[in-house]
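These notes concern the structure reproduced below.
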């Protein structure tokens, strides 16, 4: 798994890390992406857009209202955006991309992060099944938590 900011010119949110659990994610199981960083100013609301691509082609997208995921306004300071997605059992193994874009109430882009990851079959991690079995089955997309 690797990540990069989409646009270094965006200064409202400065990402410092992206953590993927489990890494690599397993087909048919939940994957958790935690994007951490700092937000410069209080944010009254907005949205979080997520796009997943396979072989460079978009295959899934969603938009979440930021205020349904956290209490608004969002205070300035350290934050963590948590995205939990159950990976469908029909998804093929291979290399995927995830783009997460945070937008202000007016639709302006505040932050953007690109994540590259590989999706594997359950049999590829059968020796480590115990460690992956501890991940919950709940699906939560676009949630945001203040660190």
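In the working numbering, the protein residues as written are 16 to 162. By construction, the Cβ of each residue, glycine as well, lies at the ideal position given by its N, Cα and C atoms. Owing to the predicted nature of the structure, the values given are computational and were not obtained by experimental measurement.
- For residue 112, the enclosing beta strand (DSSP E) covers residues 109 to 118.
- Across the structure, residue 64 and residue 127 are spaced so that their CA atoms are roughly 9 Å apart.
- In this structure, residue 66 sits near residue 76, with a CB-CB distance shorter than 9 Å.
- When rounded, the separation of the alpha-carbon atoms in residue 121 and residue 48 is 26 Å.
- With a contact defined as Cβ atoms closer than 8 Å, residue 68 and residue 53 miss out at about 27 Å.
- Closest in C-alpha terms to residue 24, from the list 92, 81, 17 and 124, comes 124.
- Between residue 88 and residue 136 the beta-carbon gap is near 43 Å, outside 8 Å, which marks them as no contact.
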